[in-house]
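Reading through the structure tokens given below for one structure.
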Amino acid sequence: MSENFEDMLKGLTGTPSEELPAIELPEDQELDDHARYDRATFAFETKSYAYAATLLEPLVESNPGNSEIVLLLARTYYHAARLGPAEALLRDMIDRWPGDAYAHLLLARTLQRAGRAEEGAPYLKIAEAMGLDG
């Protein structure tokens with residue numbers, strides 16, 4: 112086995128990037144929902160919030176009952192300082208899923224960031240009562 116590996120290495124010159132062809136990723140519109148969510152999660156984690164939002168918005172439209180996708184979009188809006196859309200989405204989430212402590216916390220933080228801390232205080236208290244620290 113080591114001979115085959117060594118044979119494979121013979122004749123290779125330069126850096127690996129010169130030897131291997133670039134991998135072409137599918138365009139966003141070609142992705143299925145799962146792959147789109149994975150790409151959006153990666154974009155969010157790398158702080159590409161505007162890009163993450165463009166990937167997540169169609170997912171929320173086609174999967175409005177998926178709280179995980181809706182919450183990720185709300186978090187994306189929050190981090191992108193799109194506080195109006197974040198607030199609207201979070202209020203809708205709390206109406207649909209009143210037991211989601213993180214939605215309460217994020218709504219409180221969104222309202223605080225918008226200069227409406229007093230309005231966010233009850234949501235912060237609810238989140239804390241559900242076990243989240245504000």
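Offset between the sequence shown (1-based) and the numbering used here: plus 111. Backbone N, C-alpha and C define an ideal beta-carbon position, used for all residues, glycine too.
query: Which residues bound the alpha helix (DSSP H) around S107?
result: Absent from the structure is residue 107, since the part of the chain shown begins at 112 and ends at 245.
query: Taking the continuous alpha helix (DSSP H) assigned at R224, which residues delimit it?
result: Position 113 of the sequence shown, counted from the first residue, corresponds to residue 224. Element bounds for R224: A212 to R224.
Beta-carbon spacing of L243, Y213 below 8 Å: Against the sequence shown, residue 243 aligns to sequence position 132. Against the sequence shown, residue 213 aligns to sequence position 102. Cβ atoms of L243 and Y213: closer than 8 Å.
message: DSSP three-state label for I237, please.
response: One-based indexing of the sequence shown puts residue 237 at position 126. Here I237 sits in helix by DSSP.
- request: Counting only the same chain and skipping the five closest in sequence on each side, list residues whose C-beta sits under 6 Å from that of A151.
  value: Counted from its first residue, the sequence shown places residue 151 at position 40. Counting only Cβ-Cβ distances below 6 Å, and skipping sequence neighbours, we find A163, L166 and L167.
query: Excluding five sequence neighbours on each side, which residues of the same chain lie with their C-beta closer than 6 Å to the C-beta of L216?
result: The sequence position of residue 216 within the sequence shown is 105, counting from 1. Cβ neighbours of L216 within its own chain (closer than 6 Å, five residues either side excluded): A238 and L243.
field: Endpoints, alpha helix (DSSP H) assigned at S173
entry: In the sequence shown, counting from the first residue as 1, residue 173 sits at position 62. Here the alpha helix (DSSP H) through S173 covers Y160 to S173.
task: Return the first residue and the last residue of the alpha helix (DSSP H) that L136 is part of.
output: Along the sequence shown, read from residue 1 onward, the residue named residue 136 stands at position 25. Looking at the DSSP string, L136 is not in any alpha helix (DSSP H), and its letter there is neither H nor E.
message: Between which two residues does the alpha helix (DSSP H) holding P196 run?
response: As a working mapping, residue 196 is identified with position 85 in the sequence shown. Where P196 is concerned, the enclosing alpha helix (DSSP H) stretches over L194 to R207.
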